[in-house]
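Chemist: Please find one structure pasted underneath; my questions will follow.
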Amino acid sequence: MEKRKLGNSGLEVSAIGLGCMGMSHAYEPAANKEEMIKLIRSAVERGVTFFDTAEVYGPYVNEELVGEALEPYKGKVVIATKFGVAFEHGQSGDLLMDSTPENIRKSVEGSLKRLRVDSIDLLYQHRVDPGTCTKTLGCSNSRNS
Numbered sequence: 001m002e003k004r005k006l007g008n009s010g011l012e013v014s015a016i017g018l019g020c021m022g023m024s025h026a027y028e029p030a031a032n033k034e035e036m037i038k039l040i041r042s043a044v045e046r047g048v049t050f051f052d053t054a055e056v057y058g059p060y061v062n063e064e065l066v067g068e069a070l071e072p073y074k075g076k077v078v079i080a081t082k083f084g085v086a087f088e089h090g091q092s093g094d095l096l097m098d099s100t101p102e103n104i105r106k107s108v109e110g111s112l113k114r115l116r117v118d119s120i121d122l123l124y125q126h127r128v129d130p131g132t133c134t135k136t137l138g139c140s141n142s143r144n145s
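Numbering-wise, the sequence shown is residues 1 to 145 according to UniProt numbering.
Printed below as a string of structure tokens:
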């Protein structure tokens, strides 16, 4: 499997990555967990080292799935996850954008536990939160900066 440098992070990843969203969220009912763990581990055995997830997928269950599947490969794979969504469990179940420092901290702490890791390889904002998009968050081209 070819490798690529991930930006200027110093991380090296496989040229092909595996986005895991559809394994537990969005397209159909969630797939069988054990089958998805086998699929993720099979990808690693075939040279895939880059995996993408997010706390919003499920919510939370996708990170748990990825964490369980990749736990035996700690230090050999790169996991990307995202922050920036708050869950509103009212009647509509709407997702709200929330990139406040408090929510970022809450997201990171939860992701670390669910992914079973001590650090997150790649963390990025899932959706722009116009209410908190500031230079501090790297949104210098925003109207709110």
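Built from N, CA and C at the ideal position, the CB exists for glycine as well.
1) Checking 7 Å against the spacing of the C-beta atoms, do residue 97 and residue 47 come in under that value?
2) Does residue 124 pass the burial test, meaning 16 or more other C-beta atoms within 10 Å, or should it be called exposed?
3) Compute the Euclidean distance between the alpha carbons of residue 36 and residue 120, then round it to the nearest angstrom.
4) Could you pull out every residue in the same chain whose Cβ sits closer than 7 Å to the Cβ of residue 114, ignoring the five residues on either side in sequence?
5) Quick one: grab the DSSP three-state call for residue 2.
6) Report the rounded CA-to-CA distance for residue 142 versus residue 21, giving the unit in angstroms.
7) Helix, strand or coil, according to DSSP, for residue 82 in the structure here?
8) For residue 69, count neighbouring C-beta atoms within 10 Å of its own C-beta (all shown protein chains included) and say buried if the count is 16 or more, exposed if not.
9) From 16, 99, 132 and 38, pick the residue whose C-alpha is nearest to that of residue 126; which is it?
10) Between the region 8 to 23 and the region 49 to 60, are three or more C-beta pairs nearer than 8 Å?
11) Check whether the Cβ atoms of residue 50 and residue 13 sit closer than 7 Å, and answer yes or no.
12) Does DSSP classify residue 22 as helix, strand or coil?
Modeler: So, from the listed chains and residues:
1) No.
2) Exposed.
3) Rounded to the nearest angstrom, the gap between the Cα atoms of residue 36 and residue 120 is 21 Å.
4) Taken in chain order, the residues that qualify are 60, 63, 64 and 67.
5) Reduced to three states, the DSSP call for residue 2 is coil.
6) In this prediction, residue 142 has a pLDDT of 46, which is less than 50 and means its spatial position is unreliable; what the coordinates show is noted afterwards. Here the alpha carbon of residue 142 sits roughly 28 Å from the alpha carbon of residue 21.
7) The answer is strand: DSSP assigns residue 82 an E or B state.
8) By the neighbour-count rule (16 or more Cβ atoms within 10 Å), residue 69 is buried.
9) With respect to the C-alpha of residue 126, the residue from 16, 99, 132 and 38 having the closest C-alpha is 99.
10) Short answer: they touch.
11) Closer than 7 Å, so yes.
12) Here residue 22 sits in helix by DSSP.
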